[in-house]
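Undergrad: Below is the structure I would like to discuss, written out as structure tokens.
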DNA sequence: TTTAAAAACTAATACCTGTTAGTTTTTAAA
DNA sequence: TTTAAAAACTAACAGGTATTAGTTTTTAAA
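Chains as they are written, first to last, in the numbering used here: chain A, 3 to 213; chain B, 3 to 213.
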């Protein structure tokens, strides 16, 4: 996560086939991953560095060889999520398709990230408020950018007659919230596959519950 | 809130027209109200008793004349919300109406509580995890009871052919989540009235976004 | 095997936490 | 005006917080 799928750079030394198992970047990543899980479970303020150290298998103080501060951990997680969302928006905006299709695609990716990275998404959704100073401002701006881009798609869909003429803000937030339970509820093996889950959500939001 | 609309009991002494402005119950209620606002804003773990005292206009220690502990504040808020939800469910279950109408009514009341008591609902939604021991178990049970009651209405609606044959759990959580943004977003004077808000949400969830 | 950097440790820092004890002030009825 | 209870206060507690400094161990290349 956060530096997703970053692979070991094969060294130019022939003697070294694999990088150290405990390289700086990997340990940092482990700390971020465990932090996301713990923050999701107990909240940022409810998680101590000693808790986190316990989970990582390291003294709290030792983690400072890999991270700058507790705040920096939160920042890394939050901006990984916001950057991912914004990239997805940018990709969809470039698509050559109907607005319905664009909304559907963006929503699908939105849900997909929740399934893939539930803990990080949860932290970005719930603990962003503990960001401070510039970082707080930047995060709010990023979120606003995503929301406005998403809203624009809905608005254009309505203007083109593809979507119901509902209040755009209400539609946007209803959609974005409607999928938030995924992060709380979904676990593989809940009796429903990720595909079925996506399809059901799409049906409800696009076609409604009533017959 | 929590002891909603409890009115001053007119004393049997004729000399006393009004109760003291700072009676024990009122001060306690003020503490609970300010706590709900603060917990919503900064989280339970992120709010100190000194923060709360500052907001109430009282030393932290002085509040212990009115409350038992910080945990008890959280319990009062959470159970006020869960009790309200469960009463609403019980009322709707007694109704003589179609399942669509029942689902709609329950959802309307659900949204109404969010509009009326956003801070308390927010705390019950986000900070319940800081409840401990019995209280945590009881709260989870109450939530489960509400969710199962709500799910039963949807299930019966599907069985009666009134609602789309979607996965009941997905429908339930999509609906319950869909309205959660109200607590984060809605403020009177946002350019949309509570009635319009309710109507728009109902339209999207019952009829869908697509035309 | 030597060497030096990286990553772990222990100990200590200054500060913040919820809560209690004891005291003073406020309130409201006698 | 007296009295007693209620509600505020100050001071202190024991323990938790993130973080730093200094030291030892581990790692991996020379």
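Glycine included, every Cβ here is placed at the ideal spot set by N, Cα and C.
#1: Rounded to the nearest angstrom, what separates residue 176(A) and residue 203(B) at their Cα positions?
#2: Just to confirm the assignment, what range does the alpha helix (DSSP H) spanning residue 204(B) have?
#3: Restricting to Cα atoms, I'd like to know which of 97(A), 108(A), 104(A) is closest to residue 90(A).
#4: Report the option in 62(A), 96(A), 198(A) whose CA atom is closest to the CA atom of residue 172(B).
#5: From residue 49(A) to residue 28(B), what distance separates their C-alpha atoms?
#6: Enumerate in chain order the residues of its own chain whose CB-to-CB distance from residue 126(A) is below 6 angstroms, with the five nearest sequence positions on each side excluded.
#7: Across which residues does DSSP place residue 34(A) in a beta bridge pair?
#8: Within its chain, find whatever has a CB closer than 7 angstroms to the CB of residue 74(A); leave out the 5 residues flanking it on each side and keep chain order.
#9: So, helix, strand or coil for residue 165(A), using DSSP?
#10: Short check: CB of residue 162(A) to CB of residue 101(A), under 8 angstroms?
#11: Given this structure, state the Cα-to-Cα distance separating residue 156(B) from residue 67(B), to the nearest angstrom.
#12: Taking the alpha-carbon positions, what's the residue 159(A) to residue 165(A) distance?
#13: Ordered along the chain, which non-local residues of its own chain (more than five positions away) have a Cβ less than 7 angstroms from that of residue 145(A)?
#14: At a cut-off of 7 angstroms, would you count residue 146(A) as near the ligand PLP, judging by its Cβ distance to the nearest heavy atom?
#15: Does residue 179(B) come within less than 8 angstroms of chain A when only Cβ atoms are used?
#16: Identify the continuous alpha helix (DSSP H) that holds residue 72(B) and give its terminal residues.
#17: Hey, out of 179(B), 170(B), 200(B), whose CA is closest to residue 193(A)'s CA?
#18: Residue 47(B) CB to nearest chain A CB: under 8 angstroms?
#19: Could you pull the start and end residues of the alpha helix (DSSP H) that residue 130(A) belongs to?
TA: Inspection of the coordinates gives the following:
#1: When rounded, the separation of the alpha-carbon atoms in residue 176(A) and residue 203(B) is 7 angstroms.
#2: In the DSSP annotation of this structure, the continuous segment of the alpha helix (DSSP H) that includes residue 204(B) starts and ends at 196-209.
#3: The shortest Cα separation from residue 90(A) among 97(A), 108(A), 104(A) belongs to 108(A).
#4: Ranked by how close their Cα comes to the Cα of residue 172(B), the residues 62(A), 96(A), 198(A) have 198(A) in first place.
#5: The C-alpha of residue 28(B) is placed about 34 angstroms away from the C-alpha of residue 49(A).
#6: Around residue 126(A): 80, 83.
#7: For residue 34(A), no pairing in a beta bridge is given by DSSP.
#8: Counting only Cβ-Cβ distances below 7 angstroms, and skipping sequence neighbours, we find nothing.
#9: Strand, per DSSP.
#10: Closer than 8 angstroms, so yes.
#11: Rounded to whole angstroms, the separation of the alpha carbons of residue 67(B) and residue 156(B) is 46 angstroms.
#12: If you take the alpha carbons of residue 159(A) and residue 165(A), they lie about 5 angstroms apart.
#13: When the five nearest sequence neighbours on each side are left out, the beta carbons in the same chain lying within less than 7 angstroms of the beta carbon of residue 145(A) are those of 84, in order along the chain.
#14: Among the components of this structure there are no ligands whatsoever, and the ligand PLP is therefore not found.
#15: Yes, contact with chain A.
#16: Element bounds for residue 72(B): 72-96.
#17: Ranking 179(B), 170(B), 200(B) by Cα distance to residue 193(A) puts 170(B) first.
#18: True, the Cβ-Cβ gap to chain A drops below 8 angstroms.
#19: Careful: residue 130(A) lies outside any alpha helix (DSSP H) and carries neither H nor E.
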